[in-house]
Amino acid sequence: MNIVVDSAVANDEAIRIEARCTAPGAHCPVCGDWSSRVHASYLRSSADHPAPGGNPSCGCVSDASSARTRTCPRRTFIEQAPGLTRRHSRTTERLRSTMDTLTLALAGRAGARIAAHIGIATNRNTLLRRVMDLPDPAPTEPRSIGVDDFALHGGHVYDTVITDAVTHRVLDLLPERDAATSAPWLAAHSKIEAICRDRANANVEAADAAASQAQQVADCFHLRQNIANSVKRTVTGHRS
Numbered sequence: 373m374n375i376v377v378d379s380a381v382a383n384d385e386a387i388r389i390e391a392r393c394t395a396p397g398a399h400c401p402v403c404g405d406w407s408s409r410v411h412a413s414y415l416r417s418s419a420d421h422p423a424p425g426g427n428p429s430c431g432c433v434s435d436a437s438s439a440r441t442r443t444c445p446r447r448t449f450i451e452q453a454p455g456l457t458r459r460h461s462r463t464t465e466r467l468r469s470t471m472d473t474l475t476l477a478l479a480g481r482a483g484a485r486i487a488a489h490i491g492i493a494t495n496r497n498t499l500l501r502r503v504m505d506l507p508d509p510a511p512t513e514p515r516s517i518g519v520d521d522f523a524l525h526g527g528h529v530y531d532t533v534i535t536d537a538v539t540h541r542v543l544d545l546l547p548e549r550d551a552a553t554s555a556p557w558l559a560a561h562s563k564i565e566a567i568c569r570d571r572a573n574a575n576v577e578a579a580d581a582a583a584s585q586a587q588q589v590a591d592c593f594h595l596r597q598n599i600a601n602s603v604k605r606t607v608t609g610h611r612s
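So the sequence shown is numbered by the working numbering: it starts at 373 and just counts up by one.
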């Protein structure tokens, strides 16, 4: 990282670290060409992890605005410090990573409470926006899946949700809850070995038609429901 620290000042409120980039130039984010023509510079503030004791830290980096040639549509751009800053961000990369981890584990409100406890100034809406900006995880070929109804409007509109039975991640949402919609999805994933489903006829038909190699099992809720219904019928039959 081409960063040199010029000064560090600490007081009762915060720790302020001033640094500057020392790279002779930067790559244009549009065309990728290297540019060493400095157009201007400014002081950029980025919040960092709180220091021991709970005092917030602020890193001020002097970024240069580089000029491009006339052949590129981008006339000027701001150089970035890899691993430290990114465009339109007012936090360092490591603070951003911590906030993402908090939100993924605790969601917005609880994540904001823990963040305030450890000295990170943020709110639930900012944390949720961080999660929305994260890239989707790379898709994997599932071996065991769960198939169930997904209510868009309870009692009126239902879709089909397909989840990974191992990681519990949502794999897909299908627009209907019939066999004609589920069967093409199952046929496109031929490595499925087990399907955990409810007792709906549509799911049975789709699994029989498009995933005959997979073993069909009932989910925990319906197993308990089957046992409860059997016990009820037995008790009712011997009630007299």
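Don't be surprised by glycine CBs; every beta carbon is placed ideally from N, CA and C.
The structure presented is a predicted model; accordingly, all values stated were derived computationally and were not measured.
Cβ distance (whole Å) where residue i is taken to contact residue j below 8 Å
| i | j | result |
| --- | --- | --- |
| Gly518 | Ala493 | With 8 Å as the limit, Gly518 and Ala493 do not qualify as a contact, their Cβ atoms being about 40 Å apart. |
| Asp378 | Ala395 | 16 Å between Cβ atoms; not a contact. |
| Leu558 | Ala579 | 7 Å |
| Ile486 | Leu476 | 12 Å between Cβ atoms; not a contact. |
| Cys393 | Ile375 | 6 Å |
Minimum C-alpha distance to residue i - residue among the options
| i | options | result |
| --- | --- | --- |
| His411 | Glu565, Arg446, Asn383 | Arg446 |
| Arg571 | Ala590, Lys563, Ser554 | Ala590 |
| Ile389 | Val402, Leu415, Lys604 | Leu415 |
| Ala552 | Val381, Thr473, Asp508, Ala581 | Ala581 |
| Pro507 | Asn598, Asp472, Pro556, Thr443 | Asp472 |
| Asp520 | Ile387, Glu385, Gln588 | Gln588 |
| Pro401 | Ser612, Leu478, Thr606, Cys444 | Cys444 |
Residue(s) in a DSSP beta bridge with residue i
| i | result |
| --- | --- |
| Val529 | His525 |
| Trp406 | His399 |
| Leu474 | Answer is none; Leu474 lacks a bridge partner. |
| Gln587 | Ala566 |
| Thr463 | Ala419 |
| Asp544 | Ile534 |
Contacting residues, own chain, Cβ-Cβ under 7 Å from residue i (five flanking each side not counted)
| i | result |
| --- | --- |
| Phe522 | Tyr530, Asp531, Thr532, Val533, Leu545 |
| Ala600 | none |
| Met504 | none |
| Trp406 | Gly397, His399 |
| Ala484 | Thr494, Asn495, Arg496, Leu499 |
Residues near residue i in its chain [Cβ-Cβ closer than 8 Å; skip 5 each side]
| i | result |
| --- | --- |
| Gln585 | Ser562, Ile564, Glu565 |
| Gly480 | Arg496, Asn497, Leu499, Leu500 |
| Thr464 | Ser418, Ala419, Asp420, His421, Gly431, Leu456, Thr457 |
| Arg515 | Val538, Lys563, Ile564, Glu565, Ala566 |
| Ala380 | Ile387, Arg388, Ile389, Glu390 |
| Leu524 | Tyr530, Asp531 |
Straight-line Cα distance separating residue j from residue i
| i | j | result |
| --- | --- | --- |
| Ala583 | Ala574 | 13 Å |
| Arg502 | Ala488 | 16 Å |
| Ala560 | Ser413 | 54 Å |
| Arg541 | Leu467 | 26 Å |
| Pro509 | Arg462 | 25 Å |
| Ala555 | Glu548 | 11 Å |
| Lys604 | Ser469 | 52 Å |
| Cys592 | Thr535 | 15 Å |
| Gly609 | Leu543 | 44 Å |
| Ser597 | Glu385 | Sequence check: residue 597 is Gln here, not Ser. Looking at the two C-alpha atoms, the distance is approximately 59 Å. |
Within-8 Å CB hit, residue i to chain D
| i | result |
| --- | --- |
| Leu524 | The structure shown contains no chain D; it holds only a single protein chain. |
Cβ shell of residue i (< 6 Å), same chain only, five flanking positions each side left out
| i | result |
| --- | --- |
| Cys568 | Gly518, Ala537, Val589, Asp591 |
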